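Heads up, the thing below is written out as structure tokens.
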Amino acid sequence: MSNTIVSPLLKHPQKLKREFYTRPVLSVAKELLGKIIVKNEVLVSSLENTLIPAVNDNPFTWLSGKIVEVEAYNGSIDEAAHTFSGMTKRNEIMFSEGGYLYVYFTYGAHFCSNIVTGRKGEGTAVLLRAVEPLDGINQMAINRYGRDLKNDKEKLNLTNGPGKLCKAFCINRNHYGVDLTGDEIFILDQPVLDKKDIEITKRIGITRSVDLPWRFYIKNNPWVSRK
DNA sequence: ATCAAGATTACCT
DNA sequence: GGTAATCTTGATA
């Protein structure tokens with residue numbers, strides 16, 4: 000059974016194919032802005048913040064969001080990339096060809112998700128730093144706060160950071176290596192944004208290769224993590 | 001075996 | 001704007 004989703008918010012959604020991801024990381028990073036990430040959930044009950052495999056009718060729901068902020072990482076020239084010092088068990092998936100999800104755990108508390116890019120062996124990926132929530136906002140609130148949203152401030156705080164969006168989308172170590180050309184997590188194509196709508200800055204929260212201008216975000220989008 | 005650092009967040013003043 | 005929390009990972013012995 001196909002899980003392909005057609006949100007009312009999208010006119011002609013199309014899942015990005017392998018060829019989109021296997022290109023150089025900087026091109027993929029810029030073009031990911033404005034595209035829609037979708038995660039299917041199998042939901043029976045939203046009580047107690049649990050997602051349980053469905054048994055009966057109408058179990059499917061999904062979460063989606065517009066990608067509004069990303070950072071590029073390239074292990075061959077970038078000391079901040081997890082792949083800079085070679086392959087380990089943790090970064091193994093980042094050395095595969097593009098189109099897989101690299102999820103890592105950090106600061107003892109947070110998951111961060113990356114889109115692997117390029118050719119096999121390159122060690123490049125795009126960190127998802129912020130999305131604008133579209134479908135499943137109620138479920139995202141449950142995932143983040145364990146209850147419904149109280150106000151607009153909480154809505155902005157749902158997904159305006161790499162750890163926050165993983166919590167909202169319930170992305171964790173179980174999603175390490177997920178194939179983005181499959182049906183569990185994927186990205187829907189949208190028109191490439193105009194250059195004038197994209198801001199380019201240095202990356203956030205790193206201590207090495209700090210001057211590379213590899214952070215990209217949509218100008219004036221309220222979900223961008225930081226100006 | 002031990003240890004330091006971390007692609008962050010929430011909460012404080 | 002400053003910082004504690006928290007634990008996995010990778011490096012070194």
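So for the first sequence, numbering that gives the first Met the number 0 puts the first residue at 0; every next one is plus one.
Beta carbons are placed, not taken as given, at the ideal position from N, Cα and C, and that holds for glycine.
All of these numbers come straight from a predicted model, not from anything done at the bench.
Using a threshold of 8 Å, state whether the C-beta atoms of valine 115 and alanine 124 are closer than that. Taking the first residue of the first sequence as 1, we reach residue 115 at position 116. Taking the first residue of the first sequence as 1, we reach residue 124 at position 125. Contact annotation: valine 115 and alanine 124 have beta-carbon atoms nearer than 8 Å.
Assuming alanine 167 contacts leucine 157 (C-beta within less than 8 Å), just tell me the rounded distance between them. Sequence index remark: in the first sequence, residue 167 carries index 168 (1-based). Sequence index remark: in the first sequence, residue 157 carries index 158 (1-based). The Cβ separation is near 5 Å, so the contact holds.
Look up serine 224 in the DSSP assignment and say whether it is helix, strand or coil. In the first sequence, the residue the question calls residue 224 occupies position 225. Here serine 224 sits in coil by DSSP.
Which residues mark the beginning and the end of the beta strand (DSSP E) in which glutamate 198 is found? The count along the first sequence starts at 1 and reaches residue 198 at position 199. Its beta strand (DSSP E) spans residues 197 to 200.
Segment contact, 8 Å Cβ cut-off, at least three pairs: the region 194 to 201 with the region 95 to 113: They do not touch, by the three-pair rule.
Name the residue from Val37, Leu32, Ala28, Thr87 whose alpha carbon lies nearest to the alpha carbon of proline 12. Position 13 of the first sequence, counting from 1, holds the residue named residue 12. Per the Cα distances, Val37.
Could you pull out every residue in the same chain whose Cβ sits closer than 7 Å to the Cβ of lysine 29, ignoring the five residues on either side in sequence? By 1-based counting over the first sequence, the position of residue 29 is 30. If we look at lysine 29 and ignore the five residues flanking it on each side, its Cβ neighbours are Ile197, Phe215.
Reference arginine 143, options Leu126, Val130, Lys163, closest by Cα: Position 144 of the first sequence, counted from the start, is the residue given in the question as residue 143. With distances taken between Cα atoms, arginine 143 lies closest to Lys163.
Under three-state DSSP, which class holds lysine 119? What you label residue 119 is simply residue 120 of the first sequence in a count that begins at 1. DSSP places lysine 119 in coil when its eight states are reduced to three.
Below 8 Å on the Cβ atoms is my guess for leucine 32 versus isoleucine 66; work out the distance and round it to an integer in Å. Within the first sequence, numbered from 1, the residue matching residue 32 stands at position 33. Within the first sequence, numbered from 1, the residue matching residue 66 stands at position 67. With 8 Å as the limit, leucine 32 and isoleucine 66 qualify as a contact, their Cβ atoms being about 6 Å apart.
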